[in-house]
Amino acid sequence: MSERRLESLAGRLARLGVTDATGAERRLRGHELDGLVEALGTAADPDLALTGLLRLLEAADIRAELNADTEARDRLLAVLGVSAALADHLVRHPGHWRVLAGPDAVLRPTADELRRTLLDAVGADAADPAPLATADNPMVALRVAYRRALLHLAGRDLTHVLDIEEVAAELADLASAALEAGLAIARAELGEQAGLCRLAVIGMGKCGGRELNYVSDVDVVFVAEAAPGQDEDAALRAATRLASGMMRACSASTPEGALWEVDAALRPEGKAGPLVRTMASHRAYYERWAKTWEFQALLKARPVAGDRELGEEYVRTLAPLVWSAAGRDNFVEDVQAMRRRVEEHIAPEQAGRQLKLGPGGLRDVEFAVQLLQLVHGRADEELRGPNTLIALKKLSWGGYVGRGDAAALGTAYRFLRRVEHLIQLHRLRRNHLVPEDEQSLRRLGRALGFRVDPVGEFTAEWRRHAREVRRLHEKLFYRPLLQAVARLPGDEARLTREAARARLEALGYNDPAGALRHLEALTAGVSRRAAIQRTLLPVMLDWFADCPDPDAGLLGFRQVSDALGTTPWYLRLLRDDVAVAERMARVLASSRYATDLLLRAPEAVAMLRAETELAPRPADALHGEAQSAVGRYLSSPHDRSADAVAAVRGLRRRELFRTAVADLLGNLDERATAEALTTITTVTLDAALRVAIERISVERRGPLPTRFAIVAMGRYGGYELGYGSDADVMFVHDPLPGADEREASSVAHAVAEELRRLLALPAPDPPLVIDPGLRPEGRQGPLVRTLDSYASYYRRWSAPWESQALLRAVPMIGDEGLRERFQALIDPVRWPANGVDETALREIRRLKARMEAERLPRGVDPRRHTKLGPGGLSDVEWVAQLLQLQHAHEVPGLRTTRTLAALDAAVEAGLLASDDAAILTDAWRMATRIRNAIMLVRGRASDLLPSEHHRERSAVTSVLGYPASGALLDDYRRRARLARKVVERVFYGDDTNT
Numbered sequence: 001m002s003e004r005r006l007e008s009l010a011g012r013l014a015r016l017g018v019t020d021a022t023g024a025e026r027r028l029r030g031h032e033l034d035g036l037v038e039a040l041g042t043a044a045d046p047d048l049a050l051t052g053l054l055r056l057l058e059a060a061d062i063r064a065e066l067n068a069d070t071e072a073r074d075r076l077l078a079v080l081g082v083s084a085a086l087a088d089h090l091v092r093h094p095g096h097w098r099v100l101a102g103p104d105a106v107l108r109p110t111a112d113e114l115r116r117t118l119l120d121a122v123g124a125d126a127a128d129p130a131p132l133a134t135a136d137n138p139m140v141a142l143r144v145a146y147r148r149a150l151l152h153l154a155g156r157d158l159t160h161v162l163d164i165e166e167v168a169a170e171l172a173d174l175a176s177a178a179l180e181a182g183l184a185i186a187r188a189e190l191g192e193q194a195g196l197c198r199l200a201v202i203g204m205g206k207c208g209g210r211e212l213n214y215v216s217d218v219d220v221v222f223v224a225e226a227a228p229g230q231d232e233d234a235a236l237r238a239a240t241r242l243a244s245g246m247m248r249a250c251s252a253s254t255p256e257g258a259l260w261e262v263d264a265a266l267r268p269e270g271k272a273g274p275l276v277r278t279m280a281s282h283r284a285y286y287e288r289w290a291k292t293w294e295f296q297a298l299l300k301a302r303p304v305a306g307d308r309e310l311g312e313e314y315v316r317t318l319a320p321l322v323w324s325a326a327g328r329d330n331f332v333e334d335v336q337a338m339r340r341r342v343e344e345h346i347a348p349e350q351a352g353r354q355l356k357l358g359p360g361g362l363r364d365v366e367f368a369v370q371l372l373q374l375v376h377g378r379a380d381e382e383l384r385g386p387n388t389l390i391a392l393k394k395l396s397w398g399g400y401v402g403r404g405d406a407a408a409l410g411t412a413y414r415f416l417r418r419v420e421h422l423i424q425l426h427r428l429r430r431n432h433l434v435p436e437d438e439q440s441l442r443r444l445g446r447a448l449g450f451r452v453d454p455v456g457e458f459t460a461e462w463r464r465h466a467r468e469v470r471r472l473h474e475k476l477f478y479r480p481l482l483q484a485v486a487r488l489p490g491d492e493a494r495l496t497r498e499a500a501r502a503r504l505e506a507l508g509y510n511d512p513a514g515a516l517r518h519l520e521a522l523t524a525g526v527s528r529r530a531a532i533q534r535t536l537l538p539v540m541l542d543w544f545a546d547c548p549d550p551d552a553g554l555l556g557f558r559q560v561s562d563a564l565g566t567t568p569w570y571l572r573l574l575r576d577d578v579a580v581a582e583r584m585a586r587v588l589a590s591s592r593y594a595t596d597l598l599l600r601a602p603e604a605v606a607m608l609r610a611e612t613e614l615a616p617r618p619a620d621a622l623h624g625e626a627q628s629a630v631g632r633y634l635s636s637p638h639d640r641s642a643d644a645v646a647a648v649r650g651l652r653r654r655e656l657f658r659t660a661v662a663d664l665l666g667n668l669d670e671r672a673t674a675e676a677l678t679t680i681t682t683v684t685l686d687a688a689l690r691v692a693i694e695r696i697s698v699e700r701r702g703p704l705p706t707r708f709a710i711v712a713m714g715r716y717g718g719y720e721l722g723y724g725s726d727a728d729v730m731f732v733h734d735p736l737p738g739a740d741e742r743e744a745s746s747v748a749h750a751v752a753e754e755l756r757r758l759l760a761l762p763a764p765d766p767p768l769v770i771d772p773g774l775r776p777e778g779r780q781g782p783l784v785r786t787l788d789s790y791a792s793y794y795r796r797w798s799a800p801w802e803s804q805a806l807l808r809a810v811p812m813i814g815d816e817g818l819r820e821r822f823q824a825l826i827d828p829v830r831w832p833a834n835g836v837d838e839t840a841l842r843e844i845r846r847l848k849a850r851m852e853a854e855r856l857p858r859g860v861d862p863r864r865h866t867k868l869g870p871g872g873l874s875d876v877e878w879v880a881q882l883l884q885l886q887h888a889h890e891v892p893g894l895r896t897t898r899t900l901a902a903l904d905a906a907v908e909a910g911l912l913a914s915d916d917a918a919i920l921t922d923a924w925r926m927a928t929r930i931r932n933a934i935m936l937v938r939g940r941a942s943d944l945l946p947s948e949h950h951r952e953r954s955a956v957t958s959v960l961g962y963p964a965s966g967a968l969l970d971d972y973r974r975r976a977r978l979a980r981k982v983v984e985r986v987f988y989g990d991d992t993n994t
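Each step along the sequence shown adds one to the number in the working numbering, with nothing skipped, and position 949 is 949.
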């Protein structure tokens, strides 16, 4: 071979990634490996792969087969380029390379198939409930079969057929199979005594979580019971010998080495306790003596070998103790302290390279996930499971961890586990340290796909993931602690009162001294309540400060906490779900209205647990609940009408709070808010009407002589109620055949008055004001009319404004037949057959102009009035209503009580330009939002944009999402100005603004 050709081969090897190209060239002399040499470039460590390949070829010449099966060749070189230990195994058992060839090479065996494979290797019958090893040298046979399966797995892992979750799960299944085979060996050694007991092997740690490494101690716990008819003491002695034999079968050194250590130190009392216990003994220990970390360890418990039924019973028995452990005193603090102790025991020279235990390592992810599981898993069974990545996904799905945080943690965890696997595969040794030598780092980098600068790229990626893990660990694992204000005053105070006050001032609190008093009251003492508050308040103070009125937020929080006291569910809610506390802070520091509702019924805080709880409830569900509540009181032999309506008003209060919170959190737009408020009002009136009718019936000692209905009017009929809206209504009745009309009218009037009386009784909820002012003849007319009276009035006396008022009339509650007849009566009145004539049109315009001139409060800037000002609600609504009066008789879409729906219908019919409709809709929606925001902030209704009171103005601005109050005012005025131009043109017929 010429010198030039030798140099060419060396250069070729160097280009393929071989670092010792000259030495490799020398070793290749005499070998015809042209096809295989080129493939070396795919290996993580081409030098290592070449060494292993040459050793294997010395044991078995398989060159032709490898050249014929390139996929098998690539899998083999992938393994040889990472694992010197598996190369050693192949040299001892060269025929095992075939697990990397053929279609079965990429198939994943099931747990049962792995169990059967290893039991067959030791000569045991997998179908036997208690398999017994019969092979001549079962320990050696077990190790050979185990490593053959490990080779099969590594071939799929290193060629990316499997993801890290699948690899870890298969490793755990393989370990379980090995434990089962080890148990078969132990039974053979023990002989007949093995039949004295039932023994279950419980996998703990990573084996229990089906997230095992390539080389790891396999943590187990043993539980045993006497076989039927056997003495318990004798059974425990036999079970102990059986367990010891199984551990030895896996851990003992043989010519084929050992598998791994079987570690039973997680058992009760650790190494000082008995190796095997009965179920009753396990339970007694965990109920009386177990420490916090032992419940954390039980989180991973899973039956892996032996008596499966007994193992499942063990898990079922102890699960309730695991999922109640978070209620123990100082539970969270104990878990946090344990994590710190783990870090403190890392040797200083290893701290920067510890992949498992160090800061930013695997344990950071696992401890954070386990703590979140143990805390939140008590109430959410979906979180209960031993696997870290599955639990992390479920924590994210449940909203306990943000999606971005969960994704970042999951990605980092997978990366770190992959690095850990690659490190361990090299020598099949238990190792969690990132190597320091260049060659090993290069192998890791190339195995992970970094080919340009393997060492630099790998190191940067590892450090990046470690930093992100540590950041998220600190965020999720430790509750935020604000030392400036916790436990003041007291012996353990870390800041003076003055320093704490300065911090509160910096956060935006107007009354730091008052805030400090609230904090003292909430955090003083050693009670669990105080501990929870000390955990929550630091972060809540920041959340309060991000809202318009932090002082009111903190005061409201104290009042709610005082009202609920030590109510267990409230404490659990605060401790378990920080999202509840964040929502609560935002509501309390933004809305006087919502805070007042909550203080009247503090238990409503429970609905803050999830945003799904804040969705408006369906009308049917609310109706059913209200009617059930009323029915319980009406069935009493005593007069419980006031109690019945109080129950319905309580339901209304709760639903108003639900709607207000959803609105504040941005979950509802103004249409959805109005629909929800209208539904709540309808359900309340419907139930209260039933009570009023029942009470009048009882007084009369007989049924009503008339049918009764309530007609929704105004914003109520338009499904456009706001938080401060009255319920505009009309009452109609229709005497039964043969009834005296005067008596029927008297009874109907009594029902209406009783309804108003019941809803006006003093109660801890916002009043529902019934306003019948839109009835015929206004407040001068009778409160209740018969259907015939309405017909006569509208036929003879109806004024244009009354026809206009009927545009939003909806017979909403009461006798169904009467409602239908009333609707049939008013439709021709509000949708006249030929529209409105010029005389009526002039009258409508005159009324509108008069209202603008007379109804605006004196001295008020009209531009700030969201209802009556130019471009306000009234402007938009009068435009829609005029179009309805003119055209609804011929445009069915206009026959609606809803303002925006009428505008949409007008556009569709070509009666209104789409641009004009968009401007009007925009102005109407913004005015509606502003009115609702004012009510939410102040707790009192107003149509005026706040301008004088700085805090109220800022609060309304913040609730509406504007950066500054000036921006809100400018935006409203701009929209209103555009809307007014449309009104002038469309309503008044003034084309000068076209």
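Built from N, CA and C at the ideal position, the CB exists for glycine as well.
(1) Which residue wins for smallest C-alpha separation from G404, given the options R977, D364, E468 and L362?
(2) With 16 other CB atoms within 10 Å as the buried threshold, where does Q350 fall?
(3) Would DSSP call C547 helix, strand or coil?
(4) Assess contact between the stretch 918-929 and the stretch 835-843, defined as three or more Cβ pairs (one per stretch) separated by less than 8 Å. Is contact present?
(5) If you draw a straight line from the C-alpha of G449 to the C-alpha of A337, how long is it?
(6) Below 8 Å between beta carbons: does that hold for L77 and A43?
(7) Kindly indicate which three-state DSSP category T317 falls into: helix, strand or coil?
(8) For M998, which residues does DSSP report across the bridge?
(9) Can you list, in chain order, the residues of its chain whose CB lies under 7 Å from that of R198, leaving out five sequence neighbours each side?
(10) Just mark W462 as buried or exposed, buried being the case when its beta carbon has 16 or more other beta carbons within 10 Å.
(11) Could you give the residue range of the beta strand (DSSP E) that holds A111?
(12) Compare the Cα-Cα distances from L142 to each of A181, A175 and P129 and report the closest residue.
(13) So, for R951: in the same chain, excluding its five sequence neighbours on each side, which residues have a beta-carbon less than 8 Å away from its beta-carbon?
(14) Please classify E802: is it buried, with 16 or more other beta-carbons within 10 angstroms of its beta-carbon, or exposed?
(15) Using a Cβ-Cβ distance cut-off of 8 Å, determine whether R980 contacts chain C.
(16) For the beta strand (DSSP E) containing P103, list its first residue and its last residue.
(17) With a 10 Å radius around its C-beta and 16 neighbouring C-beta atoms as the bar for buried, classify P892 as buried or exposed.
(18) Considering only C-alpha positions, which residue in the set Y286, H889, Q296 and A674 is nearest to E269?
(19) Thinking just about the alpha-carbon of each residue, which of K206, R108, M139 and R148 is nearest to the one in D163?
(20) Residues in the same chain with beta-carbon distance under 7 Å from A833, minus the five sequence neighbours each way, listed in chain order, please.
(21) Using 10 angstroms around the beta-carbon of G52, count the other beta-carbons present and answer buried if the total reaches 16, otherwise exposed.
(22) Between L395 and L372, is the Cβ-Cβ spacing less than 8 Å?
(23) How many whole angstroms separate the CB atoms of A686 and H623, which I take to be in contact at a CB cut-off of 8 Å?
(24) Just verifying my parser: in three-state terms, what is the DSSP assignment at I202?
(25) Any contact of the stretch 656-675 with the stretch 774-789, i.e. 3+ C-beta pairs under 8 Å?
(26) Out of H93, R237 and S83, state which residue places its alpha-carbon closest to the alpha-carbon of R427.
(27) With a CB to CB cut of under 6 Å and the five nearest residues on each side skipped, what residues in its chain are close to L1050?
(28) Could you tell me the distance, in whole angstroms, from the CA atom of G17 to the CA atom of R115?
(29) Comparing the CB of E854 with every heavy atom of the ligand MG, is any distance shorter than 7 Å?
(30) Measure the beta-carbon distance from M204 to A305 and round it to whole angstroms, keeping in mind my assumption that it falls under 8 Å.
(31) Nearest CA to the CA of S792: which residue from G814, A760, G817 and V829?
(32) Within the continuous beta strand (DSSP E) that includes F222, where are the two ends?
(33) Can you tell me whether R15 is buried or exposed? The criterion is at least 16 other CB atoms within 10 Å of its CB, across all chains shown.
(34) Does the separation of the CB atoms of H473 and D364 fall below 8 Å?
(35) What runs of the alpha helix (DSSP H), each 4 residues or longer, lie entirely inside the stretch 556-600?
(36) Alpha helix (DSSP H) containing G631: first to last residue?
Inspection of the coordinates gives the following:
(1) Along the sequence shown, one-based indexing puts residue 404 at 404. Ranked by how close their Cα comes to the Cα of G404, the residues R977, D364, E468 and L362 have E468 in first place.
(2) Translated into positions along the sequence shown, residue 350 becomes position 350. With fewer than 16 other Cβ atoms within 10 Å, it is exposed.
(3) Within the sequence shown, residue 547 is the residue found at index 547, counting from 1. Under the three-state reduction of DSSP output, C547 falls in the coil class, being neither helix nor strand.
(4) Contact between the stretch 918-929 and the stretch 835-843 is absent: fewer than three C-beta pairs spanning the two stretches fall below 8 Å.
(5) In the sequence shown, residue 449 corresponds to position 449, counting from 1. In the sequence shown, residue 337 corresponds to position 337, counting from 1. Looking at the backbone, the Cα of G449 and that of A337 are separated by about 38 Å.
(6) Along the sequence shown, read from residue 1 onward, the residue named residue 77 stands at position 77. Along the sequence shown, read from residue 1 onward, the residue named residue 43 stands at position 43. In this structure, A43 lies closer than 8 Å to L77 by Cβ.
(7) Within the sequence shown, residue 317 is the residue found at index 317, counting from 1. In the structure shown, the three-state DSSP call for T317 is helix.
(8) This structure gives no information on residue 998, because the portion of the chain shown stretches from 1 to 994.
(9) By 1-based counting over the sequence shown, the position of residue 198 is 198. For R198, the CB contacts under 7 Å within the same chain, skipping 5 residues up- and downstream, are A224, E225, A227, D307 and L310 in chain order.
(10) Counted from its first residue, the sequence shown places residue 462 at position 462. Per the 10 Å Cβ criterion, buried.
(11) Translated into positions along the sequence shown, residue 111 becomes position 111. DSSP places A111 outside any beta strand (DSSP E); the residue lies instead in the alpha helix (DSSP H), whose first and last residues are A111 to A121.
(12) The residue labelled residue 142 in the question sits at position 142 within the sequence shown. Nearest in C-alpha terms to L142, of all of A181, A175 and P129, is A181.
(13) Working through the sequence shown from its first residue, we reach residue 951 at position 951. Counting only Cβ-Cβ distances below 8 Å, and skipping sequence neighbours, we find P548 and D549.
(14) As a working mapping, residue 802 is identified with position 802 in the sequence shown. E802 counts as buried, since at least 16 other C-beta atoms from the protein chains shown sit within 10 angstroms of its C-beta.
(15) Chain labels in this structure do not include chain C; a single protein chain is all it has.
(16) Looking up residue 103 in the sequence shown gives position 103. Element bounds for P103: n/a, residue is neither H nor E.
(17) Here the question's residue 892 lines up with position 892 in the sequence shown. Classification for P892: exposed.
(18) By 1-based counting over the sequence shown, the position of residue 269 is 269. Of Y286, H889, Q296 and A674, the residue nearest in Cα terms is Y286.
(19) Residue 163 sits at position 163 when you count from the first residue of the sequence shown. Cα-wise, what sits closest to D163 is R108.
(20) As a position in the sequence shown, residue 833 is number 833, starting the count at 1. Around A833: H889.
(21) Sequence index remark: in the sequence shown, residue 52 carries index 52 (1-based). So G52 ends up on the buried side.
(22) Numbered from 1 along the sequence shown, position 395 holds the residue referred to as residue 395. Numbered from 1 along the sequence shown, position 372 holds the residue referred to as residue 372. It is a contact, given that the beta carbons lie within the stated cut-off.
(23) Stepping through the sequence shown from its first residue, residue 686 is reached at position 686. Stepping through the sequence shown from its first residue, residue 623 is reached at position 623. One point to set straight first is that residue 686 is Asp, not Ala, in the sequence displayed. 7 Å between Cβ atoms; contact.
(24) One-based indexing of the sequence shown puts residue 202 at position 202. In the displayed model, I202 falls within a strand according to three-state DSSP.
(25) Verdict: no, contact absent.
(26) Numbered from its first residue, the sequence shown carries residue 427 at position 427. Nearest in C-alpha terms to R427, of all of H93, R237 and S83, is S83.
(27) Outside the displayed range of the chain (1 to 994) lies residue 1050, so it cannot be described from this structure.
(28) Residue numbering aside, residue 17 sits at position 17 when the sequence shown is read from its first letter. Residue numbering aside, residue 115 sits at position 115 when the sequence shown is read from its first letter. So the two alpha carbons sit approximately 40 Å from each other.
(29) By its list of ligands, the structure shown contains no ligand whatsoever, and the ligand MG lies outside what it can speak to.
(30) The residue labelled residue 204 in the question sits at position 204 within the sequence shown. The residue labelled residue 305 in the question sits at position 305 within the sequence shown. At roughly 13 Å, the Cβ-Cβ gap does not stay under 8 Å, so M204 and A305 are not in contact.
(31) Position 792 of the sequence shown holds residue 792. It is V829 whose Cα lies nearest to the Cα of S792.
(32) Numbered from its first residue, the sequence shown carries residue 222 at position 222. DSSP places F222 inside the beta strand (DSSP E), whose first and last residues are V218 to A226.
(33) Locating residue 15 in the sequence shown gives position 15, where the first residue counts as 1. With fewer than 16 Cβ atoms within 10 Å of its Cβ, R15 is classed as exposed.
(34) On the sequence shown, position 473 is the one that residue 473 refers to. On the sequence shown, position 364 is the one that residue 364 refers to. With respect to the 8 Å criterion, H473 and D364 are classified as neighbours on the basis of their beta carbons.
(35) For the stretch 556-600, whole alpha helix (DSSP H) runs of length 4 or above, ordered along the chain, are 568-576, 578-588 and 592-600.
(36) Taking the first residue of the sequence shown as 1, we reach residue 631 at position 631. Taken as a continuous stretch (DSSP letters only), the alpha helix (DSSP H) holding G631 covers A619 to L634.
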